[in-house]
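> If you count the sequence shown from 1, position 38 lands on 326 in the working numbering, and the numbers rise without skipping.
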Amino acid sequence: PNIIALGLNYLEHANESQVELPPAPIIFFKATTSLTGHLQPIILPAEAPSEVDYEAELTIVIGKTAKDVPEDKALDYVFGYTCGNDVSARDCQIKLDKQWARGKSFDTFAPIGPIIETSLDPSNLRVQTRLNGKVMQDGKTKDLIFNVPRIVSYLSNQMTLLPETLIMTGTPSGVGFVRKPPVFLNHGDTVEVEIEGLGILKNPVISQKG
Numbered sequence: 289p290n291i292i293a294l295g296l297n298y299l300e301h302a303n304e305s306q307v308e309l310p311p312a313p314i315i316f317f318k319a320t321t322s323l324t325g326h327l328q329p330i331i332l333p334a335e336a337p338s339e340v341d342y343e344a345e346l347t348i349v350i351g352k353t354a355k356d357v358p359e360d361k362a363l364d365y366v367f368g369y370t371c372g373n374d375v376s377a378r379d380c381q382i383k384l385d386k387q388w389a390r391g392k393s394f395d396t397f398a399p400i401g402p403i404i405e406t407s408l409d410p411s412n413l414r415v416q417t418r419l420n421g422k423v424m425q426d427g428k429t430k431d432l433i434f435n436v437p438r439i440v441s442y443l444s445n446q447m448t449l450l451p452e453t454l455i456m457t458g459t460p461s462g463v464g465f466v467r468k469p470p471v472f473l474n475h476g477d478t479v480e481v482e483i484e485g486l487g488i489l490k491n492p493v494i495s496q497k498g
């Protein structure tokens, strides 16, 4: 099944990125081979090691095949929720060749975990990223531009959502590349994504070059 992600889905993140608010969800795909788990290393790829960034994201796990689902039925198709980190090589995504799929699909660039919670109201959850213990992102899912039912309904009208499809719903403000100076992941770092009710997704960072 697909890993689908949304861009610019928090108001403050759209503002910090200096872009207009999207009229509809901005979607892209991450390679399924980018998937990794809790406590597994995020590997800084030899192709693009120097501008790798974190993005804490509430991640939807689809439970049954969804096609053309109305918003008021959308949550019936959700199996549960987990923490996700939409790891991104910003030089690939923004500066070099401007390919989002490449910049977001290196191996290990989609950590999820540590649990899938099936009984959760996703409408107002705290979402945090900590880098080496320092809080970098701290938002609430109530600030999503497009909420979970809207996302699931919208996507199901574009494509069939199969069971186990993962949907990363966007990230709050505080990403590394817009900071002054920018903050990127380095060998030896530890990244934690904590979402209320979903635990802490923790990943060490290592360099592919060693």
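For glycine and all other residues, C-beta sits at the position ideal for the given N, C-alpha and C.
What residue range does the alpha helix (DSSP H) around Ala344 cover?
For this step, residue 344 is matched to residue 56 along the sequence shown. Unbroken run through Ala344 is the beta strand (DSSP E), 344-350; no alpha helix (DSSP H).
> What is the rounded straight-line gap between the Cα of Ile488 and the Cα of Ile400?
As a working mapping, residue 488 is identified with position 200 in the sequence shown. As a working mapping, residue 400 is identified with position 112 in the sequence shown. If you take the alpha carbons of Ile488 and Ile400, they lie about 10 Å apart.
> In terms of residues, what are the limits of the beta strand (DSSP E) holding Ala398?
Within the sequence shown, residue 398 is the residue found at index 110, counting from 1. Note, Ala398: beta strand (DSSP E), 398-405.
> Please tell me whether Thr457 and Thr353 are closer than 8 Å, where the distance is taken between their beta carbons.
For the purposes of this step, residue 457 is identified with residue 169 of the sequence shown, where counting begins at 1. For the purposes of this step, residue 353 is identified with residue 65 of the sequence shown, where counting begins at 1. Not a contact, by the Cβ cut-off of 8 Å.
> Tell me, which residues are paired with His418 by DSSP?
Along the sequence shown, read from residue 1 onward, the residue named residue 418 stands at position 130. It is Arg, not His, that sits at residue 418 in the sequence shown. Note: Arg418 sits in a beta bridge opposite Val423, Glu480.
> Residue range of the alpha helix (DSSP H) that Val466 falls in?
Walking along the sequence shown from the start, residue 466 turns up at place 178. It is not in any alpha helix (DSSP H) - Val466 carries neither H nor E in the DSSP assignment.
> For Glu480, does the count of other Cβ atoms within 10 angstroms reach 16, so buried, or fall short, so exposed?
Position 192 of the sequence shown, counted from the start, is the residue given in the question as residue 480. The residue is buried, with at least 16 neighbouring Cβ atoms inside 10 Å.
> Helix, strand or coil for Gly368, going by three-state DSSP, please let me know.
One-based indexing of the sequence shown puts residue 368 at position 80. Looking at Gly368 - three-state DSSP - the assignment turns out to be strand.
> Locate the alpha helix (DSSP H) running through Asn445, then write down its first and last residues.
What you label residue 445 is simply residue 157 of the sequence shown in a count that begins at 1. Asn445 -> alpha helix (DSSP H) spans 436-446.
> Below 8 Å between beta carbons: does that hold for Ile455 and Ile348?
The residue given as residue 455 occupies position 167 in the sequence shown. The residue given as residue 348 occupies position 60 in the sequence shown. Yes, Cβ-Cβ distance for Ile455 and Ile348 is below 8 Å.
> Nearest CA to the CA of Thr406: which residue from Asp364, Ser376, Pro469, Asn303?
Mapped onto the sequence shown, residue 406 falls at position 118. Just measuring C-alpha positions, the residue of Asp364, Ser376, Pro469, Asn303 sitting nearest Thr406 is Asp364.
> How should Glu452 be labelled, buried or exposed, when 16 other C-beta atoms within 10 angstroms of its C-beta is the threshold for buried?
Position 164 of the sequence shown holds residue 452. Result: exposed.
> Roughly how far, in whole angstroms, is the beta-carbon of Glu335 from the beta-carbon of Gly372, given that I think they are within contact range, below 8 Å?
Taking the first residue of the sequence shown as position 1, residue 335 is located at position 47. Taking the first residue of the sequence shown as position 1, residue 372 is located at position 84. Actually they are not in contact, since the Cβ atoms of Glu335 and Gly372 sit about 22 Å apart, beyond 8 Å.
> Have a look at Leu323 and Ile314 and give me their C-alpha separation to the nearest angstrom.
On the sequence shown, position 35 is the one that residue 323 refers to. On the sequence shown, position 26 is the one that residue 314 refers to. Distance between the alpha carbons of Leu323 and Ile314 is about 21 Å.
> Going straight from the alpha carbon of His475 to that of Ser495, what length do you get?
Reading the sequence shown from its first residue, position 187 is the one you call residue 475. Reading the sequence shown from its first residue, position 207 is the one you call residue 495. Each residue's Cα considered, the two are about 5 Å apart.
> Can you check which of these residues, Leu473, Val415, Tyr442, is closest to Tyr298 by C-alpha distance?
The residue you call residue 298 lines up with position 10 of the sequence shown. Here the closest residue by C-alpha is Val415.
> Measure the CB-CB distance between Tyr369 and Pro410 and report whether it falls below 8 Å.
Your numbering for residue 369 matches position 81 in the sequence shown. Your numbering for residue 410 matches position 122 in the sequence shown. For Tyr369 and Pro410, yes; Cβs fall inside 8 Å.
> Which residue's Cα is closest to the Cα of Gln387: Asp395, Arg418, Lys318?
By 1-based counting over the sequence shown, the position of residue 387 is 99. When each option's Cα is compared against that of Gln387, the closest is Lys318.
> Does DSSP put Ala312 in a helix, a strand or coil?
Start at 1 with the first residue of the sequence shown, and residue 312 comes out as number 24. Coil, per DSSP.
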